[in-house]
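Residues in the sequence shown are numbered consecutively from 50, following this note's numbering. Let me begin by presenting the structure, written as structure tokens, before commenting on it.
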Amino acid sequence: MSNKLWGGRFKKKTDKDFEEFSKSIHYDYKLAKYDIMYSLIHVVALEKVGILSSGESLKLVKALGEILKDVKTDKFKPDLRSEDVHTEIQNRVEKKLGKLAYKLHSLRSRNDQIVFDEKWYCLENGLAIGKLIINLIANLFFLAQKNEGQFIVGYTHTQRAQAVSFMVYIMAFNRMFERDDERMERFCNNLFAYIGAGALAGSSISRKNYKEAIKEFFKQDIRAGKIKPLENALDNVSDRDFILEFLSILAITQMHLSRLAEDFILYASKEFDFFQLPEEFCTGSSLMPHKKNPDFLELVRGLTGRIYGNLTSVLTTMKGLPLAYNRDMQLDKEPLFSSTETVKDELKIMAKFVKKIGLKKDSISKALCDESLYATELAEFLVYQGVSFKQAHDLVGKLVQYSEDKKTKIKDIPDRILKSFHKKLDHKSILRIMNPHYAVSSKKSLPQHKMISRRLPKKKTRKNK
Ligand code: ARG
């Protein structure tokens, strides 16, 4: 008999080049764990409809269990001669049980198995990514707390704008990552794997039997709730929106990681000189002895191309596919694995990175001495003195211009001249208003309570204190 799952009707051998070209075993072996899980449920269902005796199903369960153990202990080395992961597992069961294994693939199709496998892959990795995001949030929070009371220059259009607290600066990134984590949690909560689609038309195993098989397989395990008899067989074998949703969530997370990386790259440059990057994550130059380059951050920023590309790749593959399963869909796996593995690695390393980043407080203080950062606060001070904002804006603008023309600090302009701009302006009021403490404390719209992350487990916060 053919070593393929479909050889019977073919007289000629598959062209060798085409065979290699069409294989997916070299990447879809990563789904082995989930594929075996589905097979285990399927064996219980087959016994229910009388296709397997209880003795036979016991033997199949045992053989599948042994293969699963190899997968879990990393002993599973796929045979690259197999077409795909489903064939590989079938062959392994055949090796263990001989002809009995031929019954395993009754009443089912790889079209159905592959969706099940991919959904579980997304689910398990979605949960793992959520944990990695929480860890990054915790470490960013640790960085903010370590530098409590610190101010930093805030920018718009990459031009100095207003002073902000470092806590707010870091927590801005934490808010982004919190939303990523929430998005991933919603995705995982809404994701269900359906079984029983057959190739496209359904299977002769009843919904009741499937339900019982799921229950018997999982017993009290809460994961049982994640598998259901299907709602529409055609849809089930051709649904890849969950992969697109997963890749979209990863693309957004990647965009946030890239923005964080870019801020660190920019602010660590001599031109800004706010951050000391941890050496463990930097490299040098083979020519220029002085260099310390932010390679980790640059790779994160650069990988955004790949992560967006993976989403675009699957979107484009899916566009215009007729119902139901088409082999095109096999091509969703490499982008899925690539985005998942890349984002996981980045989150893991970024969490370590942010814990070790240092602040160059002297340079930051020097930058914060730029009086233009407090022009807005000065204008608003005048507004509280009864000046209209338009007038105050114009007046402070002229004052900044005057100080630039005279090459003097506003705080060094004599009272007589300051008062000629407005009677409430003098050296004392300028000193009181034009500093980061006043600038930050005058903002009442920000929450005054400690800005602890919503997503952070309480215990972790305490531990990091
Ligand atoms: N390896 C295929 C995929 O990843 C699943 C198998 C279905 N193949 C088939 N010829 N019906 O989509």
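For each residue, glycine too, the CB sits at the ideal point set by N, CA and C.
As assigned by DSSP and simplified to three states, the class of residue 249: coil
Measure the alpha-carbon distance for residue 428 versus residue 481 and round it to whole angstroms. 13 Å
Throw me the rounded Cβ distance for the residue 421 and residue 209 pair, which I believe falls under 8 Å. 6 Å
Is it true that the CB of residue 467 sits closer than 7 Å to the CB of residue 475? yes
May I ask you to report which of helix, strand or coil DSSP gives residue 509? Caution applies to residue 509, whose pLDDT of 49 falls short of 50 and renders its modelled position unreliable; the value that the coordinates give is listed next. Three-state result, residue 509: helix.
With a CB to CB cut of under 6 Å and the five nearest residues on each side skipped, what residues in its chain are close to residue 136? 54
So the alpha helix (DSSP H) residue 449 belongs to, where does it begin and stop? 438-454
Would you mind reading off the limits of the alpha helix (DSSP H) that contains residue 81? 81-97
Quick test of your reading: residue 89 and residue 266, contact by CB under 8 Å. State the CB separation rounded to the nearest angstrom. 6 Å
Excluding the five sequence neighbours on either side, which residues of its own chain have a C-beta within less than 6 Å of the C-beta of residue 117, listed in chain order? 85
I'd like the span of the beta strand (DSSP E) that includes residue 204, first residue to last. 200-205
Bridge-paired residues (DSSP) for residue 228: Beta-bridge pairing links residue 228 to no other residue.
Taking buried to mean at least 16 other C-beta atoms within 10 Å of its own C-beta, is residue 418 buried or exposed? exposed
Just to confirm before moving on: does the CB-CB distance between residue 246 and residue 161 stay below 7 Å? yes
Quick one: measure Cβ to Cβ for residue 392 and residue 302, integer angstroms, because I've assumed they're closer than 8 Å. 6 Å
Would you report the Cα separation of residue 195 and residue 444, rounded to the nearest angstrom? 39 Å
Just the C-alpha distance for residue 447 and residue 469, rounded to the nearest angstrom, thanks. 12 Å
What's the gap between the Cα of residue 176 and the Cα of residue 234? 7 Å
With distance defined between alpha-carbon atoms, name the residue in 151, 490, 389 and 367 nearest to residue 181. 389
Ignore the nearest five residues each way along the sequence and tell me which others in residue 219's own chain have a CB closer than 7 Å to its CB. 189, 192 and 193
Answer yes or no: the CB of residue 133 versus the heavy atoms of ligand 1, is any distance below 6 Å? yes
Would the beta-carbon of residue 159 be found less than 6 Å away from any heavy atom of ligand 1? yes
Identify whether residue 244 lies in helix, strand or coil by the three-state DSSP scheme. strand
Please identify the residue among 395, 256, 465 and 95 whose C-alpha is closest to the C-alpha of residue 281. 256
What did DSSP end up calling residue 130 once you bin it into helix, strand or coil? coil
Once the 5 residues before and after residue 350 are set aside, which same chain residues still bring their CB inside 8 Å of it? 307, 310, 311 and 314
Under the criterion of a Cβ to heavy atom distance below 6 Å, does residue 85 qualify as lining ligand 1? no
Fully enclosed by the stretch 323-372, which beta strand (DSSP E) runs are 3 residues long or longer? none
Given a threshold of 16 other Cβ atoms within 10 Å of its Cβ, counted over all protein chains shown, does residue 232 qualify as buried or as exposed? buried
Between which two residues does the alpha helix (DSSP H) containing residue 276 stretch? First-last for residue 276: 276-278, but that is the beta strand (DSSP E), not the alpha helix (DSSP H).
Helix or strand or just coil, what does DSSP make of residue 503? coil
Taking the alpha carbon of residue 167 as the reference point, which residue from 151, 134, 141 and 65 has its own alpha carbon closest? 134
Between residue 200 and residue 212, how many whole angstroms is the CB-CB distance? I'm expecting something under 8 Å. 5 Å
Could you check if residue 112 is buried or exposed, using at least 16 other CB atoms within 10 Å of its CB as the buried criterion? buried
Could you tell me the distance, in whole angstroms, from the CA atom of residue 412 to the CA atom of residue 451? 26 Å
For residue 275, tell me which candidate among 298, 241, 132 and 264 has the shortest Cα-Cα distance. 241
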